[in-house]
Amino acid sequence: MKVSKSAKLWIQLTLSVALLFAELIIGYMVNSIALIADAFHMLNDVVSLFIAVYAVKLANSTDHDPKYTYGWQRAEVLGALINAVLLLGLCITILAEAIPRFFNPVEIENPQLILIVGCMGLAFNVFGMFMFGGHGHSHGHGHSHGHDHGNSNQIESRAGSVNTAAEFQQSIIQEADTIRKKNKAQLSERSPLMETAQLSYDANDDLEAGHNHTESGHNHSHSHDTHNKNHDHDHGHSHGHGEGAMNMYGVYLHVLGDALANIAVIATALIIWLCEFKEKYLFDPIISILITLLIIKFTIPLIKSASFILLQGTPNSIPLDRIRASVLKIPGIKGIHELHVWQLSDTKIVASAHISVESGHDYMALASEVKKVLHNHGVHSATIQPEVVQTGNSSAIVLPDSQEGNTKCLLSCSASCEPQLCCPPNK
20 MKVSKSAKLW IQLTLSVALL FAELIIGYMV NSIALIADAF HMLNDVVSLF
70 IAVYAVKLAN STDHDPKYTY GWQRAEVLGA LINAVLLLGL CITILAEAIP
120 RFFNPVEIEN PQLILIVGCM GLAFNVFGMF MFGGHGHSHG HGHSHGHDHG
170 NSNQIESRAG SVNTAAEFQQ SIIQEADTIR KKNKAQLSER SPLMETAQLS
220 YDANDDLEAG HNHTESGHNH SHSHDTHNKN HDHDHGHSHG HGEGAMNMYG
270 VYLHVLGDAL ANIAVIATAL IIWLCEFKEK YLFDPIISIL ITLLIIKFTI
320 PLIKSASFIL LQGTPNSIPL DRIRASVLKI PGIKGIHELH VWQLSDTKIV
370 ASAHISVESG HDYMALASEV KKVLHNHGVH SATIQPEVVQ TGNSSAIVLP
420 DSQEGNTKCL LSCSASCEPQ LCCPPNK
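Here the numbering used here is used: the first residue of the sequence shown is 20, the next is one more, and so on.
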């Protein structure tokens, strides 16, 4: 009988919670800081699995709150950040408790219990690897380009490709790092992200600028490049030897770290149980610190990646100057300003811009050309605001203290509301 993805996640979550409480209770019973540290390591996986299970629930929900016009696309990123910050705080607590034990070793009572729990943890990790087997073959990362903001298809596709807590965390880290990597190629070269974007655009050369997109109570009647879900196609590029291979390498490092933590706990229990030298109790704080450092190693990148997304940072792989220069080469466009590019989630990049258009030109055609430029740089969702400029209008003159191609905004707010603008004009 085939077990569903949701059922597998629930099974692993239930077993993880049971093992978490077993390690915590026994760890405090026998005064083993190493076992408590491993329990917090397990807490990391429990929270990640809970996020994955909840993501599946959101994806299957038919109730969409109109207040959340982008759906729940940042739910997993927010959950990952909360998980990572909580875990980092617990790591500091463990370190604060472990360090004094080097000076005042605490006798470990009943190391046999530690051995049993450590073996249970190792068996659980082995069971998880077999139950959720095929790690290296399940990460197709469909990258479907149907940007339906009103539902949770993004979460569904991401949660559907996650088999373990390690994969869920690593997917956030790896996807965000891939998007944020600095583009060191020359102008004539194309990055893999740009090649992927071009493939997606070539399959849709007949994209219509300014089409209406209605989904769950919100309308995008402006030039918002959110492909209609009727052509929500999956390009199926599985990144088998590139991003996918790197992602799986990170996943296996995480799984290996879990197994090593269990082995370290088992070794500590055996040393304390079978050895007689007086320094044997020092192995408990030593192992706890090693496990804590291992947790921190996986936690810091998660905090950085999730924070960068939530702060709406411009990915380093997106060359704003190059985008601006390409847009200005389009005949009929006199300038571009208020250009913003940010990450909606770890896999989606969004952009907005104001373009100054010469009167007499077809704005829809110009908007389509602008979107081609954005597609070529991996941006598949954009809002473009047109500002029609009469020939010879001084309003369109490039500002002397601005970047090349920046023009005055013809729809600017009054001076009283300038402090509230997202990008106040240069003084």
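We treat Cβ as the ideally placed atom computed from N, Cα and C, and that holds for glycine. Keep in mind the model is a prediction, meaning the values are calculated, not measured.
If we call anything under 7 Å between Cβ atoms a contact, is residue i one with residue j?
| i | j | result |
| --- | --- | --- |
| residue 72 | residue 38 | no |
| residue 370 | residue 398 | yes |
| residue 303 | residue 53 | yes |
| residue 63 | residue 106 | yes |
| residue 134 | residue 283 | no |
| residue 142 | residue 318 | no |
| residue 315 | residue 110 | yes |
| residue 45 | residue 100 | no |
| residue 311 | residue 58 | no |
| residue 349 | residue 396 | no |
| residue 346 | residue 376 | no |
| residue 31 | residue 147 | yes |
| residue 307 | residue 113 | yes |
| residue 325 | residue 96 | yes |
From the DSSP secondary-structure annotation, give me the bridge partner or partners of residue i.
| i | result |
| --- | --- |
| residue 374 | 355 and 405 |
| residue 400 | 369 |
| residue 362 | 368 |
When we look at the beta-carbon of residue i and count the other beta-carbons within 10 Å, is it buried (16 or more) or exposed?
| i | result |
| --- | --- |
| residue 330 | exposed |
| residue 400 | buried |
| residue 42 | buried |
| residue 363 | buried |
| residue 352 | buried |
| residue 35 | buried |
| residue 281 | buried |
| residue 387 | buried |
| residue 123 | exposed |
| residue 177 | Low confidence applies to residue 177: its pLDDT is 42, below 50, so where it sits in the model is not reliable enough to give any reading. |
| residue 130 | buried |
| residue 108 | exposed |
| residue 119 | exposed |
| residue 406 | buried |
| residue 334 | buried |
| residue 86 | exposed |
| residue 367 | buried |
| residue 262 | For residue 262, the predicted structure reports a pLDDT of 41, less than 50, and the residue's modelled location is therefore unreliable. The matter cannot be settled from this model. |
| residue 160 | Confidence in residue 160 is poor, its pLDDT being 37 and thus under 50, which makes the residue's placement unreliable; the coordinate value appears in the next sentence. Counting Cβ neighbours within 10 Å, residue 160 comes out buried, since at least 16 surround it. |
| residue 293 | exposed |
| residue 250 | Residue confidence for residue 250 is low, a pLDDT of 40 falling below 50, so the modelled location carries little weight; the figure read from the coordinates is stated next. Flag for residue 250 reads exposed. |
| residue 23 | exposed |
| residue 82 | exposed |
| residue 26 | exposed |
| residue 84 | exposed |
| residue 117 | buried |
| residue 277 | buried |
| residue 365 | buried |
Who are the Cβ neighbours of residue i in its own chain at under 6 Å, not counting the five residues just before and after it?
| i | result |
| --- | --- |
| residue 359 | 371 |
| residue 409 | 378 |
| residue 98 | 70 |
| residue 322 | 103 |
| residue 291 | 127, 130 and 299 |
| residue 380 | 351 |
| residue 297 | none |
| residue 215 | Confidence at residue 215 is low in this model, with a pLDDT of 34, below 50, so the placement of that residue is unreliable and no value is reported for it. |
| residue 382 | 376 and 405 |
Report all residues from its chain with a CB closer than 8 Å to the CB of residue i; omit the five preceding and five following residues, and keep chain order.
| i | result |
| --- | --- |
| residue 419 | Confidence in residue 419 is poor, its pLDDT being 37 and thus under 50, which makes the residue's placement unreliable; the coordinate value appears in the next sentence. If we look at residue 419 and ignore the five residues flanking it on each side, it has no Cβ neighbours. |
| residue 65 | 32, 35, 36, 39 and 184 |
| residue 47 | 55 |
State yes or no: is the C-beta of residue i nearer than 6 Å to some heavy atom of the ligand SAH?
| i | result |
| --- | --- |
| residue 135 | This structure lacks the ligand SAH; in fact it carries no ligand of any kind. |
Could you pull out every residue in the same chain whose Cβ sits closer than 7 Å to the Cβ of residue i, ignoring the five residues on either side in sequence?
| i | result |
| --- | --- |
| residue 125 | 50 and 300 |
| residue 61 | 35, 38, 39 and 42 |
| residue 309 | 283 |
Note down, one range per segment and in chain order, each alpha helix (DSSP H) of at least 4 residues found wholly within the region 28-70. none
Could you pull out every unbroken alpha helix (DSSP H) segment of at least 4 residues lying fully inside the region 286-346, listed in chain order? 302-329
Runs of beta strand (DSSP E) lying entirely within the region 84-128, each at least 3 residues, in chain order: none
Quick one: which unbroken alpha helix (DSSP H) runs of 4-plus residues sit fully inside the region 129-153? Chain order, please. 130-150
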